Structure formats: C-alpha cells, structure tokens
Amino acid sequence: MKNLILSPLTLLSFIQLLSAQLPGDLVISEYMANSEEVPDDQGEYIELYNTTFYAVNLNGCVIQDASALYIAPSTDVYIQPGEFAVVGASAVPYAHYYYPASPPPFSLNNTGGDQITVTCGGTLIAATSYSANQPLGSSMELAATYLHNNGVTQEGHYGPSSTPFRYNGVNGNDYGSPGHAGNTFVLPVELDRFEAKVAGRQVLLSWSTLTEQNNSHFVVEHSTDGQPFLPVGRLSGAGNSQEARKYEFMHQDPEPGLNYYRLQQVDFDGASSHSEILSV
C-alpha cells in the first residue's frame, strides 16, 4: 500500500472508522441480570462480541437498557476481531470496562424484563430484549454469534450458562463466561491478512485465511469516501478448511484519487462479517 499524507478531514474519517460503524458489527453475546453470589449492582454485566475482522472501539458508544442503565465509555475500549469484551459492575472478573458504582448503580431489570441496546455514533449496532424472571445466579448466553439480524438478537436464541465462575473476592460460584465463549458458538473463519496495493491503473487486493468453516464466499466492496460501500467482486470460499489459503482480486476500474476497500465474508447460512477498511 502506498504511503499517504492525510488531510485533517481524512484523518478524522479514519479515527471514526475505528468505532463500530454498521449494525451487526457487535452482538450482545451474554448478559447477567440476576447475580446470586454478589448483589446485582456488583455482579451484573453485558458481554459484547466483535463480528468483524477489525478492532472496534467502544469510545463514543452508548450501552443502555430500557430504564436506568446508561453506559458511555469516554476512554478507548477496544474489542479485537472475533473476541469478547465485558462491560460490568465492580465484582465482575475479566471486565474491559468497569461501570462506576454510582450514580446510578449498574442495574439490569431481572424481574420485569428489559431491553439492552448498543448505539455508536447515533447508529443502533446491537440490541436484545428479554422477559421477566431471569434465572438466579446464571447468565444468559447467545447460542451462536451469527444468530442476529443486523445486530438484533432474539431471546429464544439465549440459554442459561453452565460454566461456573467466581466473582472477584468471592469463593462461591455463579454461572457464566464473562470474556469467553462459554456455550456460544463462534464463526471460525480466521483472516490472517488483507492488503491492497496499486498495480498500474488497477488495484490488487489480496488476503489469506488460516482456517475456514462454513465459508461460502467473499465479497469485495469498494467506496470512494469511506461509505457507502458497493460490491465490485465475489470469490468463492473454501467451505471447510484447516489449511492456510490465499485469495486475490484485481479491481479493474478504481476511481481517481483515494479508494476504500473492505471484505465481506459470507457463510452458507447467510451470516456475514466485515474486514477492516483499507485505502489506496
């Protein structure tokens, strides 16, 4: 990729791209609404999963429920591609961001049902709703990270965790997997690299995977201003593979000036995720 001198406006665009941009970039993979070993305002948490191939920053995002819970991280909180991050109360282990104790306390409704939403830059990225009487001492885990519609997950796709864990400073067990997959199935397409470089008047895009499972195809998407992106090519995936594989695509008609590219990886069941955004 050639070196670029970025204008302040272009630099701002790159900074903004570090945050979640599209519905479904994140999903709510787990939530604990009714802790047993510690009080709710110390033990409740929300776990997010990054469905993309690039790091997502929660700085500038708002996580809230239908009542009093409102979390707006003002520092950088990165969720790496294909990984989990936990936003939680003081006793939660492995949390990436601890919510201040007051005011108000960390409080998900565990008796009357609730809705959890994640909004970044004014765009709804992830959401779920659940009904009353959440199980005592057990989190609810999403069955698989692809079970969402533009980031919106359904209550029927969650189930109580069977993984024991301990809160900070507590000897007894509750059940959950904060910061880990637990019973949640993760899409196992592992992207090793993604590169774009000028080749004469064309742009060569190349990428490689370390493993693939249920991988139908890749869509190469192009933009001249960072959004929106439009498809310019499609390559078949390997389906299931435990070997490293390489892919190349030549964009024949890039626009004069700056061009942006990203990959969309699509499973046979229609679930998809996006790569980081490159520019040449």
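Residue numbers (numbering that gives the first Met the number 0): 0 to 279.
Ideal Cβ positions, reconstructed from N, Cα and C, are used throughout, including at glycine.
Bear in mind the structure is a predicted one, so any value in this text is a computation, not a measurement.
Which of the three DSSP states is assigned to residue i in this structure?
i: G155; result: helix
i: D252; result: coil
i: F83; result: strand
i: R165; result: coil
i: L25; result: strand
i: N170; result: coil
i: T210; result: strand
i: D64; result: strand
Which partner residues of residue i appear in the DSSP bridge assignment?
i: Q201; result: A198
i: P230; result: E220
Determine, using beta carbons only, whether residue i comes closer than 8 Å to chain D.
i: S240; result: The chain labelled as chain D is not found in the depicted structure, where only one protein chain is given.
Taking residue i as part of the beta strand (DSSP E), name the residues at either end of that continuous run.
i: G42; result: Segment D39 to G42 is the alpha helix (DSSP H) holding G42; no beta strand (DSSP E) there.
i: I276; result: Element bounds for I276: n/a, residue is neither H nor E.
i: D113; result: D113 to C119
i: V265; result: Y259 to D266
i: Y129; result: T122 to Y129
i: L57; result: No beta strand (DSSP E) contains L57, which DSSP labels as neither H nor E.
Which same chain residues end up closer than 6 Å to residue i when comparing Cβ atoms and leaving out the 5 residues on each side of it in sequence?
i: P7; result: Per-residue confidence for P7 stands at a pLDDT of 37, beneath the threshold of 50, marking its modelled position as unreliable; the derived number appears in the next sentence. Excluding positions up to five away in sequence, the list is empty.
i: P72; result: L57, N58 and Y96
i: G87; result: Y44 and A94
i: N213; result: D266 and F267
Going by CA-CA distance only, name the one from the options that's closest to residue i.
i: L135; options: Q241, F248, P92 and S161; result: S161
i: G171; options: L47, G42 and A88; result: G42
i: T74; options: G81, C60 and S66; result: C60
i: P177; options: D24, E29 and T110; result: E29
i: V279; options: H221, D39, E35 and P230; result: H221
Whose C-beta lies closer than 7 Å to the C-beta of residue i among residues of the same chain, with five residues either side of it excluded?
i: F248; result: L204, V219, G232 and L234
i: L190; result: F52, W206, T208 and S274
Counting only the same chain and skipping the five closest in sequence on each side, list residues whose C-beta sits under 8 Å from that of residue i.
i: P22; result: T122, L123, I124, A125, N149, G150 and V151
i: A142; result: H156, Y157, G158, N182, T183 and F184
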